[in-house]
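For reference, the structure is listed below as structure tokens.
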Amino acid sequence: LSFLERQPREFWKEDALKFYPRAHKVGGLPTFRKLLTILQQGWAEPATWYHMNTYHFCFLYDILARFCFNYNHDNRVERLQTLPELQGREVPFDRFVEEFFFNTVFLLSEDEYNALSREEKESRGFTCPCQFAVIHGLAPTREELELRASKDYPYSIYV
Numbered sequence: 042l043s044f045l046e047r048q049p050r051e052f053w054k055e056d057a058l059k060f061y062p063r064a065h066k067v068g069g070l071p072t073f074r075k076l077l078t079i080l081q082q083g084w085a086e087p088a089t090w091y092h093m094n095t096y097h098f099c100f101l102y103d104i105l106a107r108f109c110f111n112y113n114h115d116n117r118v119e120r121l122q123t124l125p126e127l128q129g130r131e132v133p134f135d136r137f138v139e140e141f142f143f144n145t146v147f148l149l150s151e152d153e154y155n156a157l158s159r160e161e162k163e164s165r166g167f168t169c170p171c172q173f174a175v176i177h178g179l180a181p182t183r184e185e186l187e188l189r190a191s192k193d194y195p196y197s198i199y200v
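Structure follows, in structure tokens:
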């Protein structure tokens, strides 16, 4: 986000399209800043588990895609400095998304999404109430920006 903020305001929309190819449809820099702040606040509260919605997953996907692209194109020394835990190996982006992104409905085009029946959407796990809004580029409401605290442990872990 800091890169966008450093650019002249008239380029923000064009740059958002490049750096946030999916999330740019639902808002610009102010929306991204709010999403980032909310996600960071959730991350800073390790005692509480949160449910994310399609807006959160879409924004995180674009951030992760850009990070992985840049990281995977760095040389080994730069990779070791950035993520020493990976010992210079590339981040397996597709595998990461497959294993940790429970909501990928935002990867569909409007036509692909609209062509699915309700049953097809549910069978693919596309059940988030705001998925229609994200796919069709509607700005999030204040409530849609917020994380929802979980009453139980929302994610399965396997070792």
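First residue of the sequence shown? That's 42 in the working numbering, and the numbers climb one at a time after it. All C-beta atoms, glycine included, are put in the ideal place defined by N, C-alpha and C. Small disclaimer: the values here were computed from a predicted structure and weren't measured.
Kindly indicate the opening and closing residues of the alpha helix (DSSP H) around H97.
-> T95 to H114
If we call anything under 8 Å between Cβ atoms a contact, is F147 one with Y102?
-> yes
CB-CB under 7 Å to I79, same chain, minus the five flanking residues each way: which ones, in chain order?
-> L186, E187 and L188
State buried or exposed for Q81, treating a residue as buried only when at least 16 other CB atoms are found within 10 Å of its CB.
-> exposed
Provide the residue(s) that pair with Y91 in DSSP beta bridges, ordered along the chain.
-> A190
Among residues of its own chain, excluding the 5 on either side of V200, which ones have a beta-carbon nearer than 7 Å to its beta-carbon?
-> Any reading at V200 needs caution, since the residue's pLDDT is 47, under 50, leaving its predicted position unreliable; the model's value is listed next. The answer is none, since no qualifying residue turns up.
Is it the case that the Cβ atoms of F100 and F134 are separated by a distance below 8 Å?
-> no
How is the alpha helix (DSSP H) around R120 delimited, first residue to last?
-> R117 to T123
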